[in-house]
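**Student:** Could you have a look at this structure, given as structure tokens, before my questions?
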Amino acid sequence: MQPDKHERTHAAIMQQAISEACKNGMERLSFSVLAEQLGMSKSGVYAHFGSVDALHLQVVEAYCLRFERQTFGAALAVPPGLPRLRVIFANWCGHIGAGNWLEVPPFGGAGEPGQVAAPARQKWIKALLAWRARLAACVSDAMAARQLSACTNRTQLADDIYGLIVVLHHEIRFFNNADAVRRAVARFRSMLSAAGARAERRHAADHQGAIAHSWMGLLTD
């Protein structure tokens with residue numbers, strides 16, 4: 001069934017809201033900003049949400065679904081362990097490198113956390129913890145497949161990889177470092193090497209169809 005006019009308008013508002021939140025931060029997201037950008041009345045945008053809190057929460061929820069589909073869902077087509085971890089890392093770098101990372105204070109931009117609805121912040125924290133746990137699961141799979149040393153500290157390696165992602169975001173968002181992705185990939189490779197990573201017979205490069213971003217090339221050079 002085709003979406004009706006209300007659904008199409010809501011989808012357009014959400015798309016613009018996510019774009020605005022990625023570009024300028026959730027703390028700047030408001031009905032007046034969206035109304036101006038979409039050529040709508042402020043009351044017309046308000047009618048789709050009812051409150052700023054609801055707007056913020058829906059934006060975070062919609063972004064998380066999209067990110068999970070494009071980053072983790074796309075990686076399901078490759079074998080578990082290191083191949084999947086490499087694809088996830090490449091896709092995550094792709095989101096940040098392309099400016100498609102949601103800015104939620106104090107986890108993104110420099111705005112005050114009080115300017116973003118508490119339910120939205122809590123949803124974002126929950127999502128970040130879940131995504132970090134998925135990195136740890138990939139490390140566990142790699143250890144089980146003997147792609148990494150049995151002595152690898154699963155939690156520490158996952159935290160270190162997540163730390164690379166946080167630093168990458170800061171390098172691009174605050175310092176406009178054009179070399180940030182290459183450096184993040186180099187550190188990622190070094191971490192895996194230090195953990196005893198071995199080359200798989202079928203590398204993640206053999207599964208390009210599952211990769212949502214071109215950054216994978218940096219991992220397979």
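For what it's worth, UniProt numbering labels the leading residue of the sequence shown as 1, then goes sequentially.
Glycine residues also receive a C-beta, built at the ideal position from the N, C-alpha and C atoms.
Since the model is a prediction, treat every value here as computed from it, not as a measurement.
If you measure between the beta carbons of GLN122 and GLU27, is that distance less than 8 Å?
**Tutor:** For the purposes of this step, residue 122 is taken as residue 122 along the sequence shown, with counting starting at 1. For the purposes of this step, residue 27 is taken as residue 27 along the sequence shown, with counting starting at 1. No. Outside cutoff.
**Student:** Are there three or more Cβ pairs, one per stretch, closer than 8 Å when the region 44 to 53 is compared with the region 126 to 146?
**Tutor:** Judged by Cβ distances under 8 Å, the region 44 to 53 makes no contact with the region 126 to 146, as fewer than three pairs qualify.
**Student:** In angstroms with no decimal places, state the Cα-to-Cα distance between GLY111 and VAL59.
**Tutor:** If you number the sequence shown from 1, residue 111 lands on position 111. If you number the sequence shown from 1, residue 59 lands on position 59. Low local confidence applies: a pLDDT of 45 at GLY111 is under 50, so the model's placement there is unreliable, with the coordinate-based value given in what follows. Going by the C-alpha atoms only, they are around 17 Å apart.
**Student:** Does CYS151 come out as helix, strand or coil in the three-state DSSP assignment?
**Tutor:** Within the sequence shown, numbered from 1, the residue matching residue 151 stands at position 151. It is coil, neither helix nor strand.
**Student:** Indicate the three-state DSSP secondary structure (helix, strand or coil) for ASP179 in the structure shown.
**Tutor:** Here residue 179 is taken as the residue at index 179 of the sequence shown, counted from 1. Three-state DSSP puts ASP179 in coil, outside helix and strand.
**Student:** VAL45 and ILE13 look like a contact to me (Cβ under 8 Å); what is the Cβ gap, rounded to whole Å?
**Tutor:** Position 45 of the sequence shown, counted from the first residue, corresponds to residue 45. Position 13 of the sequence shown, counted from the first residue, corresponds to residue 13. Yes, they are in contact, since the Cβ atoms of VAL45 and ILE13 sit about 6 Å apart, within 8 Å.
**Student:** Helix or strand or just coil, what does DSSP make of ALA12?
**Tutor:** The residue labelled residue 12 in the question sits at position 12 within the sequence shown. Looking at ALA12 - three-state DSSP - the assignment turns out to be helix.
**Student:** Assuming the contact rule is C-beta atoms closer than 8 Å, HIS95 and PHE67 should be a hit. Round their C-beta distance to whole Å, please.
**Tutor:** In the sequence shown, the residue the question calls residue 95 occupies position 95. In the sequence shown, the residue the question calls residue 67 occupies position 67. Contact holds; Cβ gap of about 7 Å.
**Student:** Counting C-beta neighbours from all protein chains within 10 Å, is the total for HIS169 16 or more, i.e. buried, or is it exposed?
**Tutor:** Walking along the sequence shown from the start, residue 169 turns up at place 169. HIS169 is buried by the Cβ-count criterion.
**Student:** Who are the Cβ neighbours of SER149 in its own chain at under 8 Å, not counting the five residues just before and after it?
**Tutor:** Reading the sequence shown from its first residue, position 149 is the one you call residue 149. Counting only residues of its own chain and dropping the five nearest sequence neighbours on each side, SER149 has a CB closer than 8 Å to the CB of MET143, ALA195 and GLY196.
**Student:** Using the C-alpha atoms, what's the distance from SER43 back to ALA77?
**Tutor:** Your numbering for residue 77 matches position 77 in the sequence shown. Your numbering for residue 43 matches position 43 in the sequence shown. As the crow flies, the alpha-carbon of ALA77 is around 44 Å from that of SER43.
**Student:** So, helix, strand or coil for ASP4, using DSSP?
**Tutor:** Numbered from its first residue, the sequence shown carries residue 4 at position 4. Correct three-state label for ASP4: coil.
**Student:** Can you check which of these residues, LEU38, ALA75 and ARG86, is closest to MET191 by C-alpha distance?
**Tutor:** For the purposes of this step, residue 191 is taken as the residue at position 191 of the sequence shown. Considering only alpha carbons, the answer is ARG86.
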